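Asks: Got a structure for you, written out below as C-alpha cells; questions coming shortly.
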Amino acid sequence: MKRFTSSTGSFGSSIASFGNDSIKKANSLTGGILGKQAPAVQEVREKPAIDPVPPRDTERPARILSLDGGGVRGYSTLIILKKFLLHLKAQSPDKKDILPADYFDLIIGTSTGGIIALMLGRLRMSVDEAIEAYQQLSKKIFAGGLASAVLDGSMLSSEKPGLGLGLGIVKGRELDQYMNMAVTTVMPGETSMYDAAKLEGYLKSTIGQQKYTIEREDALLEDEDKNNCCSAIVTAKQNNATAPHVMRSYVNPKDLTDDKIKIWEAARATSAAPAFFVPISIGLSKVKFIDGAVTGHCNPSELAREEAEAIWPGRKIGLLLSLGTGAPQEISLAGSNSSKLVSFIALSANTAQVHERVSRYFNQVCDGQSPYVRMSVEHSIDSIRLDDYEKLDQIAASTESYLGTENIKTRLDAAIGLGARTNEQVPATSFPGRKGSRSSTLQQPLSPGGTGA
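If you read the sequence shown in the numbering used here, its first letter stands for residue 2, the second for the next number, and so on.
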C-alpha cells in the first residue's frame, strides 16, 4: 500500500491501488477530495483606475442643477442635460467631455429626479452612463406589477363603488393619481404596485459598479471627498408628509445630523411614491420615508436655492438650471372619488407654482439679472404615465423636437453664459440677513419672470 502524502497530486496517482472501501475511508479522512476536480481558479478583476476629483473653485458663483420628479418622464431631463453639456463642450477651449459633477456645485432632485441627482453627483456618472442606467432601471422595475391589473379593471368590481372614474377621461398624470387611489382603496394598508426589493437590488448593483464607489454598494451618502459635487434628494417622513426632508452628501450647518444614510437608501426614500413603492425604514429609529413629491416639492428648485444659501453663506448663484418633466393638462374627472384625486393632482400642478415663486424671487433680488433658467418639455409628454417604460422612445423624440427649436437653442446658450459669469458680473442673489430661511421666499404677487419653459 502506498502512503498518503500532503500532495494532492500524490492522491491522484495512488487511487488505482485502493479498493472502494479504501477510497471511502480516505475521503472521510481528507474531507472528500479524492475523485474531485480541483476548484476552478477565479479570475481576480482589477479595480478600474479612479481619476482624482479636480479641485473645486468655491470662490466663483455657484452653479446648481435642479431635477423634477416624474417617473419615466425624468428621461427627458437627462436628454436636455446632455444637449446642454454638448453646447458647453462646443464652447470650451479644449473641447473635452464635461462631467455634470465637475460643472455643477450642487445637484438636487425629487423622486426619480433624486435618483438621477445621485447618479450624476454622488456617483459621478456621465450623462451617457446615467441615461443607460435610467433606461435599464425603468424597464426592470416597471415591467409587471399591479399597475396593469388596475388599468384593465381586473381589480375593480361592483363591490367597490366609486372607483369607476372612467379611464377614457383620466389620462397621464391624472391616471397616475387614479391608480394610486385605486390600489389603496382596493387593497388598504401599505400596498404597492411594484417590488421595492427589486428596486433596491438594482440600485445597489448600479452603485457597486461605478468607478467612484466600485464594490461598495453600501457606500454612505455623505461624501468624504469635499471636492466632489454636493448632492441632495428630497423625501418626506411618512408621519409628517407636509414637510420636505432633504438628505445630503454634504453638511448643511443649518440642519446638522449624525445619520449614516447609504446612497441606495436615499434613492429608495426619494422614489417611494405612495402606492407605487412601500415606504423605506431607515436608521435605528426605523423612520419611514416616502417620495418628497407629496410635500409639494416635485420641483425642488426652491429648496435648491435655500440649500445653496445655507451651505455657502454670501456666495452668489451664477446659474440655477431647473429641468422639468412636463406640466399637468386640463383635468376632467367624474365619480364620487373626484375630491381625492384633486388633492393629488394639485401636488403635480405645484411644479408650476414653485417655478413662478423662484422666478419672482430672483427677478426682484437680482434686479432683472436672474440666474434662473427653467426648461421642461410641455404637453407632448404629459399623457405618459410615470411607470410607462415602453414610452421612452416617445419621450426622447418629444424632447429632441423641443430642443430643436431656435428658442430653446438660444436658452441653452444663455444658460451657459450665466454659468460662465464672474462674481463681478453677478448681482447678490439673496436678501441680507435672510439666507437659507424658508421665509425668504417672496410671496408678493409679482408678474412672472426669469426664463420659463
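The beta carbon of each residue, even a glycine, is placed where N, CA and C say it ideally should be.
All values reported here derive from a predicted model rather than from experimental measurement.
Below 8 angstroms CB to CB, which residues in the same chain sit around K96 once its five sequence neighbours on both sides are set aside?
Replies: What you label residue 96 is simply residue 95 of the sequence shown in a count that begins at 1. Around K96: K90.
Asks: Would I208 and L100 qualify as a contact pair, given that the criterion is a beta-carbon distance under 9 angstroms?
Replies: Reading the sequence shown from its first residue, position 207 is the one you call residue 208. Reading the sequence shown from its first residue, position 99 is the one you call residue 100. Cβ distance not < 9 angstroms, so I208 and L100 don't count as in contact.
Asks: Under 6 angstroms Cβ to Cβ from Q211, same chain only, skipping five residues before and after it: list those, please.
Replies: Locating residue 211 in the sequence shown gives position 210, where the first residue counts as 1. Contacts found: L124.
Asks: Thinking C-alpha only, which one of L204, I116, V247 is nearest A311?
Replies: Residue 311 sits at position 310 when you count from the first residue of the sequence shown. Among L204, I116, V247, the Cα nearest to that of A311 belongs to V247.
Asks: If distances are taken between C-alpha atoms only, which option among G202, D226, L79, G75 comes closest to D52?
Replies: For the purposes of this step, residue 52 is identified with residue 51 of the sequence shown, where counting begins at 1. When only C-alpha atoms are compared, the closest one is D226.
Asks: Grab the span of the beta strand (DSSP E) containing I51 for me, first residue to last.
Replies: By 1-based counting over the sequence shown, the position of residue 51 is 50. Neither: I51 is in no beta strand (DSSP E) and is coded neither H nor E.
Asks: Check whether the Cβ atoms of T111 and A242 sit closer than 9 angstroms, and answer yes or no.
Replies: Position 110 of the sequence shown, counted from the first residue, corresponds to residue 111. Position 241 of the sequence shown, counted from the first residue, corresponds to residue 242. Not closer than 9 angstroms, so no.
Asks: Starting from I246, follow its DSSP beta bridges and name the residues at the other end.
Replies: Translated into the one-based positions of the sequence shown, residue 246 becomes position 245. Note that residue 246 is His in the sequence shown, not Ile. Note: H246 sits in a beta bridge opposite T236.
Asks: According to DSSP, is F290 part of a helix, a strand, or is it coil?
Replies: For the purposes of this step, residue 290 is identified with residue 289 of the sequence shown, where counting begins at 1. DSSP places F290 in strand when its eight states are reduced to three.
Asks: Using the C-alpha atoms, what's the distance from D58 back to G315?
Replies: Along the sequence shown, read from residue 1 onward, the residue named residue 315 stands at position 314. Along the sequence shown, read from residue 1 onward, the residue named residue 58 stands at position 57. Looking at the two C-alpha atoms, the distance is approximately 15 angstroms.
Asks: How long is the line joining the alpha carbons of D461 and K410, rounded to whole angstroms?
Replies: Residue 461 falls outside the range modelled here, since the chain spans only 2 to 454, and no answer is possible.
Asks: Under 9 angstroms, do L107 and A305 count as touching if we go by C-beta distance?
Replies: The residue labelled residue 107 in the question sits at position 106 within the sequence shown. The residue labelled residue 305 in the question sits at position 304 within the sequence shown. The answer is yes: Cβ separation under 9 angstroms.
Asks: Would you mind sorting G325 into buried or exposed? The rule is 16 or more other CB atoms within 10 Å of its CB.
Replies: Counted from its first residue, the sequence shown places residue 325 at position 324. So G325 ends up on the buried side.
Asks: Verify whether the separation of the beta carbon atoms of N240 and K289 is less than 9 angstroms.
Replies: By 1-based counting over the sequence shown, the position of residue 240 is 239. By 1-based counting over the sequence shown, the position of residue 289 is 288. Yes, the pair counts as a contact, with Cβ atoms nearer than the cut-off.
Asks: Using CA atoms only, rank isn't needed, just tell me which of K238, I234, N300, L257 is closest to S1.
Replies: Since the first and last residues shown for the chain are 2 and 454, residue 1 lies out of range.
Asks: Exposed or buried, S93, counting other C-beta atoms within 10 Å across all chains shown (16 or more means buried)?
Replies: Within the sequence shown, residue 93 is the residue found at index 92, counting from 1. S93 should be labelled exposed.
Asks: Could you check the C-alpha separation between L419 and T430 for me, to the nearest Å?
Replies: The residue given as residue 419 occupies position 418 in the sequence shown. The residue given as residue 430 occupies position 429 in the sequence shown. C-alpha separation (whole angstroms): 13 angstroms.
Asks: According to DSSP, is I262 helix, strand or coil?
Replies: In the sequence shown, the residue the question calls residue 262 occupies position 261. I262: coil per DSSP, three-state reduction.
Asks: Using a threshold of 9 angstroms, state whether the C-beta atoms of A102 and G319 are closer than that.
Replies: Mapped onto the sequence shown, residue 102 falls at position 101. Mapped onto the sequence shown, residue 319 falls at position 318. Taking 9 angstroms as the Cβ cut-off, A102 and G319 do not qualify as a contacting pair.
Asks: Is E307 buried or exposed, if buried means 16 or more other CB atoms sit within 10 Å of its CB?
Replies: Taking the sequence shown and counting its residues from 1, one reaches residue 307 at position 306. Buried.
Asks: Quick one: measure Cβ to Cβ for S77 and I396, integer angstroms, because I've assumed they're closer than 8 angstroms.
Replies: Position 76 of the sequence shown, counting from 1, holds the residue named residue 77. Position 395 of the sequence shown, counting from 1, holds the residue named residue 396. Sure, about 5 angstroms apart at Cβ, within 8 angstroms.
Asks: Would you call the CB atoms of A274 and D259 closer than 9 angstroms?
Replies: As a working note, residue 274 is residue 273 in the sequence shown. As a working note, residue 259 is residue 258 in the sequence shown. Taking 9 angstroms as the Cβ cut-off, A274 and D259 do not qualify as a contacting pair.
Asks: Could you pull out every residue in the same chain whose Cβ sits closer than 7 angstroms to the Cβ of S193, ignoring the five residues on either side in sequence?
Replies: Counting from one through the sequence shown, the residue named residue 193 turns up at place 192. For S193, where only same-chain residues beyond five positions count, the Cβ hits under 7 angstroms are A276, F277, F278, V279.
Asks: Does any heavy atom of the ligand NAP sit closer than 8 angstroms to the C-beta of S431?
Replies: Among the ligands in the structure shown, none appear at all, so the ligand NAP cannot be discussed.
Asks: What's the gap between the Cα of E303 and the Cα of R358?
Replies: Reading the sequence shown from its first residue, position 302 is the one you call residue 303. Reading the sequence shown from its first residue, position 357 is the one you call residue 358. One C-alpha to the other measures close to 8 angstroms.
Asks: Roughly how many whole angstroms lie between the Cα atoms of D219 and T400?
Replies: Counted from its first residue, the sequence shown places residue 219 at position 218. Counted from its first residue, the sequence shown places residue 400 at position 399. Taking the straight line from one Cα to the other gives about 34 angstroms.
Asks: Does the Cβ-Cβ distance between L322 and S127 come in under 9 angstroms?
Replies: Position 321 of the sequence shown, counted from the first residue, corresponds to residue 322. Position 126 of the sequence shown, counted from the first residue, corresponds to residue 127. Against a cut-off of 9 angstroms, the Cβ pair of S127 and L322 comes out as no contact.
Asks: Out of curiosity, what's the CA-to-CA distance linking V427 and A309?
Replies: Start at 1 with the first residue of the sequence shown, and residue 427 comes out as number 426. Start at 1 with the first residue of the sequence shown, and residue 309 comes out as number 308. Cα to Cα, V427 sits roughly 15 angstroms from A309.
Asks: Measuring straight from C-alpha to C-alpha, what distance separates Q354 and E60?
Replies: As a first step, residue 354 is located in the sequence shown; it is residue number 353 there, counting from the start. As a first step, residue 60 is located in the sequence shown; it is residue number 59 there, counting from the start. Going by the C-alpha atoms only, they are around 32 angstroms apart.
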